[in-house]
Amino acid sequence: MLQARQNAIIDFARQVGRVNVEELAAHFSVSPQTIRKDLNELCDRKLLTRIHGGAVLTSGVENVGYEARRVIASHEKAAIGQKAAELIPNSASLFINIGTTTEAVAQALLQHSGLMVITNNINVANTMRMHPSIEVVIAGGVLRHADGGIVGEAAVDFIRQFKVDFAIIGASAIDEDGALLDYDYREVKVAQAIIENARHVILVSDSTKFERTAPVRIGHLSQVDTFVTDECYVPSIRRIAEENEVRILETGR
């Protein structure tokens, strides 16, 4: 049976997606060593996955809640968004798909002018709609209540009408073999259409995605032109990027 403190740790992880050793130690008034022991036991039970300084919810067939995803690596995502936005010139056309990191890119693009942004992300549309120098085009389809994503065949057909300069895409997980993964096959179909209809594909993803898994394949790192992350510490990913001329930009270095 789990201890009451371990159950509380799981509850925290469900709320925010990620827990930190020092913060948990302060909250429960116990030593960091005690929390590390708790986390190790929870990881042994496959309830959490250890990361540097803490743990994240173990991936399964369902993604972490939207509000929790916004909190996870929020500073890293903001830096990634800024770096990716620097790659986009004024007066460019681009896709932006579903994801909290792609939303960070949208926020960083607000200083641009003359953009045409096609998106299946209601949050991106709301972020950019007040800026008269940015034209926002929203895909039709099924609105996913959990995160404001628009998915389904109608969205796929809509995306296929365009051929744009750039695509900003995210992924829920990145496998060591370079597979880009997600949870919703309907969302994946839209992401695949976005990749196919952009001249330059920019993958934006923080390094926690190397520690997660998801069941549905979006595509492969080799289909990406530029990968923007906070840190790429997985040797196989660096090798795949080099072999396929994928540029890696790390905001943490």
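In this note's numbering, the protein residues as written are 7 to 259. Even for Gly, the Cβ is constructed at its ideal location relative to N, Cα and C.
Checklist entry - Below 9 Å between beta carbons: does that hold for Thr107 and Asp183? => result no
Checklist entry - Do three or more CB pairs link the region 158 to 167 to the region 198 to 208 at distances below 8 Å? => result yes
Checklist entry - What distance in whole Å lies between the Cβ atoms of Leu100 and Val170, which are believed to be in contact at a cut-off of 8 Å? => result 5 Å
Checklist entry - Between Ile140, Pro241, Ala152, which lies nearest to Ala98 when the distance is taken from Cα to Cα? => result When each option's Cα is compared against that of Ala98, the closest is Ile140.
Checklist entry - Cβ of Ile224 within 9 Å of Cβ of Asp188? => result Cβ atoms of Ile224 and Asp188: closer than 9 Å.
Checklist entry - Looking at the structure shown, is Glu256 part of a helix, part of a strand, or coil, going by DSSP? => result strand
Checklist entry - Just how far apart, CA to CA, sit Leu2 and Thr235? => result The question about residue 2 has no answer, for the chain in this structure spans 7 to 259.
Checklist entry - Under a three-way DSSP split, which group does Glu182 fall into? => result coil
Item to check | Extent of the continuous alpha helix (DSSP H) run through Ile86 | outcome: 80 to 91
Checklist entry - Under a three-way DSSP split, which group does Val157 fall into? => result strand
Item to check | Nonlocal neighbours in the same chain, by C-beta distance under 7 Å from Ala85, ignoring five residues either side | outcome: Here the set comprises Asp236, Thr257.
Item to check | Of the listed residues Lys83, Leu186, Thr125, Gln229, nearest to Ile156 (C-alpha basis) | outcome: Thr125
Checklist entry - With 16 as the cutoff for other CB atoms within 10 Å, does Asn13 come out buried or exposed? => result exposed
Next on the checklist: In the DSSP assignment, the beta strand (DSSP E) including Leu100 goes from what residue to what residue?
Outcome noted: Element bounds for Leu100: 99 to 102.
Next on the checklist: Rounded to whole angstroms, what is the Cα-Cα separation between Val130 and Val142?
Outcome noted: 9 Å
Checklist entry - Does the distance from the C-beta atom of Ile175 to that of Val210 stay below 9 Å? => result yes
Checklist entry - In angstroms, rounded to a whole number, what distance separates the CA positions of Val67 and Thr214? => result Low confidence applies here, because Val67 scores a pLDDT of 42, under 50, leaving its location unreliable and the question unanswered by this model.
Checklist entry - Out of curiosity, what's the CA-to-CA distance linking Val196 and Gly154? => result 14 Å
Next on the checklist: Output needed for Glu217: all residues of its chain with C-beta closer than 6 Å, excluding positions within five of it in sequence on either side, in chain order.
Outcome noted: Thr55, Ile57
Checklist entry - Can you name, in chain order, every residue of its own chain whose Cβ lies under 8 Å from the Cβ of Asp181, other than the five neighbours on each side? => result Leu187, Thr219
Item to check | Residues near Ile128 in its chain [Cβ-Cβ closer than 8 Å; skip 5 each side] | outcome: Ile144, Leu149, Gly154, Gly155, Ile156
Item to check | Option in Ala152, Ala32, Ile41, Ala161 with minimal Cα separation from Gln9 | outcome: Ile41
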